[in-house]
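Chemist: First residue of the sequence shown: 6, per our numbering; consecutive thereafter.
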Amino acid sequence: MSNSMICKDLFTAVKQLADSEIELIKTIENSKKTNNIKNIKNTMSTTDKKSVKKSTKVFNVRPSAALIAAKREAAQQRILQEKKSNNVFIYDIYQKAIDAYNIKRMETGIVFDHSMAEHKCLWDSNYPECPARLIRVLQRCEELGLISRCKLITPRLASENEILIKHSQEQIDILKSTDGCTDINNLELLSSKYDAIYIHPSTYRLSLLAVGSTINLVESICKGEIQNGMAIIRPPGHHAMKSEYCGYCFFNNVAIAAEKVLCNNLASKILIVDWDVHHGQATQQMFYDNPQVIYFSIHRYENGEFWPNLRESNFHFVGDDLGEGYNFNVPLNKIGMTNADYLAIFQQVLLPMAYEFQPDLIIVSAGYDAALGCPEGEMLITPACYAHLLSSLLCLASGKVAVILEGGYCLKSLSESAALTLRTLLSDPCPMLETLTLPSISIRDTILNTIYTHKPYWKCYQYQDTYSINSTPNNKEENTNQYLPVIIFKETDVRPKVYETQNCYPVQTQEIIEIIEKQLSTLIQFTNLSKAPNKVCIVYDDRMLKHYDISDANHPEKPHRINIIYKKFQEYNLLDRSFVQQGRSATKEELLLVHTKEYIDKIKNTKNLKSKELKKQAETYNSVYLHPETWSSACISTGSLLQVVDNVLNGESQSGIAIIRPPGHHATEDAACGFCIFNNVAIAAKYAIEFHHVKRVLIVDWDVHYGNGTQSIFEEDSKVLYISIHRYDNGSFFPNSKRANYSYVGSESGEGFTVNIPWNKKGMGDAEYIAAFQQIIMPIAYQFNPELILVSAGFDACIGDPLGGCFVTPELYGHLTHWLSSLANGRVILSLEGGYNTNSIAHAMAICTKSLLGDPLPILESGQIPCASAVHTIHNVLKTQKQYWPNLIFNLSLPKEKILSKPKVSYKKTNEQIINNEELLKYSESKIALEEIETEKMQNKKIATWKFINKIKNVDEKDLSDKLDEAIDSYYELQNIQLNDNTFYNEVSKYTKTCMNQDQKEGHSNENFTSFAAGSSGKQNERIITQTSGNKNLYDYFSENLQALVAGDMFAVIPLKECPHLDSIRDVPALGIDVHLPCVECESTAENWICLQCYIIHCARNINQHGVLHAEKMEHPLALSFSDLSVWCYKCEAYIDNPRLFAARNAAHQSKFNEELPWTYNDD
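1. What span of residues does the alpha helix (DSSP H) with D708 cover, start to end?
2. Here's a check: name, in chain order, each residue in its chain whose Cβ is nearer than 7 angstroms to the Cβ of H321, leaving out the five neighbours to either side.
3. In angstroms with no decimal places, state the Cα-to-Cα distance between D734 and A745.
4. Closest to N844 by CA distance: which of N892, F778, N568 is it?
5. Just to confirm, is the Cβ distance from G330 to W463 under 8 angstroms?
6. I'd like to know if the region 222-242 and the region 261-269 are in contact, where contact means that at least 3 CB-CB pairs between them fall below 8 angstroms.
7. Output yes or no for whether 8 angstroms exceeds the beta carbon distance between L257 and K171.
8. Is the beta carbon of V282 closer than 8 angstroms to that of A345?
9. Rounded to a whole number of angstroms, what is the C-alpha to C-alpha distance between C872 and E773?
10. If you draw a straight line from the alpha carbon of T635 to that of G840, how long is it in whole angstroms?
11. Can you find the residues in the same chain that come closer than 6 angstroms, C-beta to C-beta, to V503, ignoring five residues on each side of it along the sequence?
12. So K435 and G831 are supposed to be a Cβ contact under 8 angstroms. How far apart are they, rounded?
13. Are there 16 or more other CB atoms within 10 angstroms of the CB of K995, so buried, or fewer, so exposed?
14. Return the bridge partner residues of Q586 from the DSSP annotation.
15. When you compare the region 1131-1148 with the region 1061-1071, are there three or more beta-carbon pairs, one atom per stretch, that lie closer than 8 angstroms?
16. Taking the C-alpha atoms as reference points, what is the distance between R1150 and C379?
17. Just checking my contact of I115 with I237 at CB under 8 angstroms: how many whole Å lie between their CB atoms?
18. Thinking C-beta only, is T429 closer than 8 angstroms to L453?
19. Take D554 and list the residues in its own chain whose beta-carbon comes closer than 7 angstroms to its own, dropping the five residues that flank it on each side.
20. Looking at A371 and I312, is the spacing between their C-beta atoms short of 8 angstroms?
21. N191 to D326, Cα distance in whole Å?
22. In whole angstroms, give me the CA-to-CA distance for K615 and Q622.
23. Taking the straight line between their C-alpha atoms, what separation do you get for A776 and L862?
24. Count the other CB atoms, across all protein chains shown, that sit within 10 Å of the CB of F1158; report buried if there are 16 or more and exposed otherwise.
25. Is D281 near the ligand GTP, in the sense that its beta carbon is under 7 angstroms from a heavy atom of that ligand?
26. Tell me the start and end of each unbroken alpha helix (DSSP H) in the region 604-674 that is at least 4 residues and wholly inside, in chain order.
27. Using 8 angstroms as the threshold, is the C-beta distance between G805 and K855 below it?
28. Just to confirm, is the Cβ distance from C251 to G242 under 8 angstroms?
29. Return the bridge partner residues of N332 from the DSSP annotation.
30. Measure the Cβ-Cβ separation of Y199 and E165 and say whether it is below 8 angstroms.
31. Give me the Cβ distance between L5 and L162, rounded to the nearest whole Å; I'm assuming they're in contact under 8 angstroms.
32. Using 8 angstroms as the cut-off, can you tell me whether the region 412-430 makes contact with the region 520-532, which would need three or more C-beta pairs spanning the two stretches below that distance?
33. Mind pulling the alpha helix (DSSP H) runs of 4 or more residues that sit fully within the region 107-154?
34. Within this structure, are the beta carbons of I608 and I694 separated by less than 8 angstroms?
35. Starting from I834, trace the beta strand (DSSP E) in both directions and tell me its first and last residue.
36. By Cβ distance below 8 angstroms, which residues in the same chain neighbour E157 in space, the five residues on each side in sequence not counted?
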């Protein structure tokens, strides 16, 4: 080939390469949404990449062979250049830890303005979104001395341009026109056009102030001026849509602030956690197609029957376009959700995803209307629980967390919850929670639904087995362990033209208010908000350096291990920020708490032995060396840890670090083992129980080796929960014991209080340890509710360790420490065990200490996924432990197939078109309907229904057909339906037909699109619509059911008069029935039933299902409800009402009401 041909081919290749690059640049410039997408999408499953829309131009470029050759040549030249370069960069495995030393916790910011109390409803003084919400929160924060500890962020008005980031000019202008308006009638009239809105003369200005203050706080966090912060503001914002005020909200504070920091490159990945009890549908809409923002909402839904009554609030709305998979809805389908339910959501859904996503900013839409006592939420979350929820987020995003006040309408629970949230931002310890109830079956279903819909997008959701919906279960157990996601939506898609503005909210009776007041006062009184003067106590003593291996200077358990840790602490000023103690020697009495007298005397005698005698005695143990100073060093090692225990439990320090050796967790009652002489942690646990009267101690052993000694000491003790995560390698890894497997759970009274998490291969890293903690350790630990946590802190699973063979980073140990510190009021003590790379253990222990000091933790690598072997181990542990820890209920099988169709939303427009038509905005924006209004509507419907029934019941059967039209007309009139006004119907019908025709042209229909004609006014219109759709209308339905209607059976549950299982009833016990007693299994008193065969009390199926389980296991069919004294037969699956039940019902009635139950049966 000639030189000219080579040059020609090269020129052609270069030209094609240039053309291709130019085309690519054009494509990038034409698509704003591709900014920052690549890094974010890499955190998601590869299966999701199919959904990312790319330019067809780029996709269709086929490079020529010459182009490929040119690129290959360029790559080779680049490699040669790199070889010649002297700048060789080697990644330092400790770099993140080193960088973290220079980062200390900064101040917590707070922003508020007392003028925000001006915003109030002028025509309804009882409106729940009231000035007292702001005032009471600030008062409680002042009482606890929190505000003075914060850095005050200057509140300011947002500019109009800032509002336009997320809202239309029209919405700004409308609200602006009300500024200073004193015409109350006009203000109320305007308010009635929006759902749950009142407008005050100051609303426009204060809405700008709320937005501007939020922006200032979030920007201050992103710029590193403060660590984290809280905006105590109103009006709230998360319901405010682009072109519609809604739900007490005018401008979306959180959405605007988030968008602004993204635009200014102050953040690139934001996690918004919305725990307000109402779905923040507007925030969802604003980021629905944006992969830079994950919107995660936990809200009351009740299958669409709770406000805002939207289809898109359900779990299967996961985002669209590039944002598909980035929208999380966790809908709560029943009231009465507890702390256990919310913690399960965080542990099973939120935290796994957040650690995969690794945001650089977290914003919490903090509504407190799920708190105990709130009339709108009707949930049972205690104020202290919010501290725990927030704490789990603070180790993410380098601690950059902004909390923005949204709802909350029980003033006492709102103020307490908000204050405890601010207290947590200030790095105070989380208060201990009351012992948790079990997560409800309803929340189990919701969590599994959410996991199922997000499995295609996220790698972290792989702990549920799969099954095929086309296969038949082999047995009952397999069938029971299979879960099928189902979409249910019970509400209509109709929105009114005018909304109520007064008395449109739930009102509690005085009796209920007094009960709630008493409950909250008791909670507040007994919630321990104390914090120690010192965050961390550190103990170290040079005398422990004297113990070393005389015959092997390179033995891995060498004195230098603790010396280098202490020097690292000195180097980075950790000692100056902590309370440092000198160690002490443990007494013989203290050693006897765990070890036998004979063994203690043996070790004591080593100080008198010669080298050969020491070696001979050491050979009687497994992997141990002895030295004349072993006795003194081992006693100081144990005594030093006890020194920390005293310091923490006496309230002098919040947490502790024991830099000690020799280690201890392999030492049994009567033998040294694995470099360990005395079992330091076991003695410390016994010491805390014996001398400090601690009732429950959790020992977490993350040393890479199984702590055989600690497990054997506590295997029959229910006061100590021992959890070990270790390499096992199917029994071939030291100490080579089969008792290290997941199947060993303790014995006697300690059965279930040993949890082994055995890795069966080397190479485990951050992803595997994160998974084990989130799926197993933290759920069990929260259920156990320890008063003290002792960590056998071996760092031989850390990267670089010569014995462990694992890859856990030093920074991850800081995250694990932070998670544990949420428990036990922060009383966590780390005691050094193994770890034989001195650099690794020094960095790891230092990061753990910084975590306890409240410093922000390094961001971990995103997109990490646990290996298949680890997932298998976690599966086995969950299956084994769920019989002892019944909160582990989420390990059910999910379908392999995609059984849910992708939903569409009415506010989304295809082909990237912007919705700007006024009529389209009017009718296609998401339908909103306040739950208080819906409740009132339901009451009106009930009244109308019963008036209708009474009218029908007074008519002879032969005249029913003639009177039916008249009665139905009356029914509609009683519901204030205007029969003659068809203008709205005709207008919407025309619009709907246009949309339907468009859908038909595209070859599909949209089941999630709002259908307004279906709910239009008028009896005639309803008949036309329902006939078209094939559904029965009200006229047809009542016509077909006249007999049941007249008999009064249509709207009633009719109990069976006879039951074949009545013979199973036993006589009422001589002491009668006490309806106030709790469930014998879970001690719940919420809703209980008593078995009429054995007279044992169990809770209802909507609590923890113990009544159902008892009936199935014992085959006792009949049970009596303490709530309404009804009797249910589990075998007949029906209510029963028979004279033979009177004795039991009467006994319960006497207990409940202190009077006899009237006899209501016929004497014959």
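A virtual CB, placed ideally from N, CA and C, is assigned to each residue, including glycine.
Modeler: By the coordinates alone:
1. Here the question's residue 708 lines up with position 703 in the sequence shown. Looking at the DSSP string, D708 is not in any alpha helix (DSSP H), and its letter there is neither H nor E.
2. Indexing the sequence shown from 1 puts residue 321 at position 316. Hits under 7 angstroms: T458, I492, L905, P908.
3. Here residue 734 refers to the residue found at position 729 when the sequence shown is read from its first residue. Here residue 745 refers to the residue found at position 740 when the sequence shown is read from its first residue. Roughly 10 angstroms between the two C-alpha positions.
4. For the purposes of this step, residue 844 is taken as the residue at position 839 of the sequence shown. It is N568 whose Cα lies nearest to the Cα of N844.
5. Residue numbering aside, residue 330 sits at position 325 when the sequence shown is read from its first letter. Residue numbering aside, residue 463 sits at position 458 when the sequence shown is read from its first letter. Yes.
6. yes
7. Numbered from its first residue, the sequence shown carries residue 257 at position 252. Numbered from its first residue, the sequence shown carries residue 171 at position 166. Reading off the sequence, residue 257 comes out as Asn, not Leu. Yes; because the gap between Cβ atoms is below 8 angstroms, this pair is in contact.
8. Taking the first residue of the sequence shown as position 1, residue 345 is located at position 340. Taking the first residue of the sequence shown as position 1, residue 282 is located at position 277. Contact flag unset, no.
9. Walking along the sequence shown from the start, residue 872 turns up at place 867. Walking along the sequence shown from the start, residue 773 turns up at place 768. Those two C-alpha atoms are separated by around 7 angstroms.
10. Locating residue 635 in the sequence shown gives position 630, counting from the first residue. Locating residue 840 in the sequence shown gives position 835, counting from the first residue. Approximately 19 angstroms, taken between the alpha carbons.
11. For this step, residue 503 is matched to residue 498 along the sequence shown. Closer than 6 angstroms at Cβ, skipping near neighbours: S197.
12. Residue numbering aside, residue 435 sits at position 430 when the sequence shown is read from its first letter. Residue numbering aside, residue 831 sits at position 826 when the sequence shown is read from its first letter. According to the sequence displayed, residue 435 carries Cys and not Lys. Sure, about 7 angstroms apart at Cβ, within 8 angstroms.
13. Working through the sequence shown from its first residue, we reach residue 995 at position 990. Unreliable positioning characterises K995 in this predicted model, as indicated by a pLDDT of 39, which lies under 50. A coordinate reading is not provided.
14. For this step, residue 586 is matched to residue 581 along the sequence shown. The partner list for Q586 (beta bridge, DSSP) reads V544.
15. yes
16. Residue numbering aside, residue 1150 sits at position 1145 when the sequence shown is read from its first letter. Residue numbering aside, residue 379 sits at position 374 when the sequence shown is read from its first letter. Approximately 34 angstroms between the Cα atoms of the pair.
17. Counting from 1 along the sequence shown, the entry for residue 115 is found at position 110. Counting from 1 along the sequence shown, the entry for residue 237 is found at position 232. Rounded, the Cβ-Cβ distance is 7 angstroms, consistent with contact.
18. By one-based count along the sequence shown, residue 453 stands at place 448. By one-based count along the sequence shown, residue 429 stands at place 424. For L453 and T429, no; Cβs fall outside 8 angstroms.
19. Within the sequence shown, the letter at position 549 stands for residue 554. H560, Y630.
20. If you number the sequence shown from 1, residue 312 lands on position 307. If you number the sequence shown from 1, residue 371 lands on position 366. Before going further, note that residue 312 is Trp rather than Ile in the sequence given. Not in contact: W312 and A371 (Cβ atoms no closer than 8 angstroms).
21. Locating residue 191 in the sequence shown gives position 186, where the first residue counts as 1. Locating residue 326 in the sequence shown gives position 321, where the first residue counts as 1. Those two C-alpha atoms are separated by around 42 angstroms.
22. Taking the first residue of the sequence shown as position 1, residue 615 is located at position 610. Taking the first residue of the sequence shown as position 1, residue 622 is located at position 617. Each residue's alpha carbon lies about 11 angstroms from the other.
23. The residue given as residue 776 occupies position 771 in the sequence shown. The residue given as residue 862 occupies position 857 in the sequence shown. About 18 angstroms.
24. As a working note, residue 1158 is residue 1153 in the sequence shown. Exposed is the call here.
25. Absent from the structure shown: the ligand GTP. Ligands present: none.
26. 616-623, 635-654
27. In the sequence shown, counting from the first residue as 1, residue 805 sits at position 800. In the sequence shown, counting from the first residue as 1, residue 855 sits at position 850. Not a contact, by the Cβ cut-off of 8 angstroms.
28. Stepping through the sequence shown from its first residue, residue 251 is reached at position 246. Stepping through the sequence shown from its first residue, residue 242 is reached at position 237. No, Cβ-Cβ distance for C251 and G242 is not below 8 angstroms.
29. Locating residue 332 in the sequence shown gives position 327, where the first residue counts as 1. Bridge partners of N332: Y300.
30. Within the sequence shown, numbered from 1, the residue matching residue 199 stands at position 194. Within the sequence shown, numbered from 1, the residue matching residue 165 stands at position 160. Cβ atoms of Y199 and E165: not closer than 8 angstroms.
31. Here the chain comprises residues numbered 6 to 1169, so residue 5 is not present and cannot be evaluated.
32. yes
33. 137-148
34. Translated into the one-based positions of the sequence shown, residue 608 becomes position 603. Translated into the one-based positions of the sequence shown, residue 694 becomes position 689. No. Outside cutoff.
35. Residue mapping note: residue 834 aligns to position 829 of the sequence shown, counting from 1. Note, I834: beta strand (DSSP E), 833-837.
36. For the purposes of this step, residue 157 is taken as residue 152 along the sequence shown, with counting starting at 1. Strictly speaking, residue 157 in this sequence is Leu, with Glu absent from that position. G114, I115, V116, listed in sequence order.
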